[in-house]
Structures are given as C-alpha cells and as structure tokens.
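The opening position of the sequence shown corresponds to residue 108 in my numbering, with each subsequent residue numbered one higher.
Glycine included, each C-beta is placed from N, C-alpha and C at the ideal position.
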Amino acid sequence: MESTIYDDVFAWDFSDEFLGLFDWAEEDPLSLLINDQPPLYPADEEVLPSSNGACSFKRGSKKDGGNKKGAKQKFAFKIKSVIEVLDDGYKWRKYGKKMVKSSPNPRNYYKCLVNGCPVKKRVEREKEDPRNVITTYEGTHNHE
108 MESTIYDDVF AWDFSDEFLG LFDWAEEDPL SLLINDQPPL YPADEEVLPS SNGACSFKRG
168 SKKDGGNKKG AKQKFAFKIK SVIEVLDDGY KWRKYGKKMV KSSPNPRNYY KCLVNGCPVK
228 KRVEREKEDP RNVITTYEGT HNHE
C-alpha cells in the first residue's frame, strides 16, 4: 500500500484492491436504497452491462439525436431485485410496454403522475442476468 500526503492535511490511500461497482449489493441489495436517492449514473442512450457487474453507457451521436443542445438529462441504475418497479418516492403511470429486439424481456414505460412533470422512466430486466433490473430516468422532476 502506498500513501501520499498533500499539504500535511489530506492523506490519500492508493491500494491494489477495489470493489466492483455493485459488489456491495450482492449481499444486501436494499442497501442501495437506504439513502434518499438511489445511486445514479449518466446515460444518454443504452446501458451496457459488463462482466464484473458495473454499468457503462453508450452515448448517442449528434446524427442520431444525442448531445443536442437542451436535450433531457438521463440517468440509469441497475440492481438485483425480484420486484421490477422499485419505490423511488414518486408516483408513476404506465403508458407503454414493448418487446426489445436484443432482449427476451419486455421494456415498460412510465410517466410521472404529477400534472406537468416531464419525467419519464423505463424499466427492463437485463438480458444477460434477468435478476437485474435496469431503470432509466429521463428529465428532471419540477416538483417535490
């Protein structure tokens, strides 16, 4: 283990062992939801699972509509869960469901129930491991 001290105030520890993004959740998946907000990760387009349980995100190009000025912000997270729609503190109305070409599991679409709120979310099971639920939020709530 190697330590470096800057200005005699901060000590940084660089160790050789790191946990994967979701390693702590395998024993206690509800630990992800203990805080007021679940962990969020930016996602412009598609959540791409990796072999170690972490998520990466494929960003859209300007040609296909990604990175446009004023585009809605997207966030996604993945968690192991028997329940598909987790309680995130908001009320949702389901407005669609479709089968996705690349997955045997359907994708469900929801809108926030508060009148005038632009937030949408989509919920789907991961293709490689159906125990994982991927939730993607689009937009920002304009209410409490």
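Between the alpha carbons of residue i and residue j, how many angstroms are there, rounded?
i	j	result
Tyr-148	Asn-215	Only weak support is given to the placement of Tyr-148: the predicted model assigns it a pLDDT of 49, under 50, and the value that follows is read from those uncertain coordinates. Taking the straight line from one Cα to the other gives about 20 angstroms.
Ile-186	Lys-205	21 angstroms
Lys-179	Tyr-244	10 angstroms
Gly-203	Val-192	14 angstroms
Lys-227	His-248	9 angstroms
Val-207	Phe-182	20 angstroms
Lys-234	His-250	34 angstroms
Val-189	Val-240	9 angstroms
Pro-211	Asn-222	33 angstroms
Ser-209	Arg-238	17 angstroms
Pro-156	Arg-229	With a pLDDT of only 48 at Pro-156, under the threshold of 50, the placement of this residue in the model should not be trusted; the figure read from the coordinates follows. The alpha-carbon atoms of Pro-156 and Arg-229 are separated by roughly 16 angstroms.
Arg-232	Tyr-217	15 angstroms
Can you name the start and end residues of the beta strand (DSSP E) that residue i belongs to?
i	result
Glu-231	227-232
Asn-239	239-245
Contact defined as beta carbons within less than 8 angstroms: I believe residue i pairs with residue j. What is the distance between those atoms, to the nearest angstrom?
i	j	result
Val-219	Trp-199	For clarity, residue 219 is Cys in the given sequence; the question names Val instead. Yes, Cys-219 and Trp-199 are in contact; Cβ-Cβ is about 6 angstroms, under 8 angstroms.
Q. Which runs of the beta strand (DSSP E) fall wholly inside the region 184-213 and span at least 3 residues, in chain order?
A. The region 184-213 contains these whole beta strand (DSSP E) runs: 199-206.
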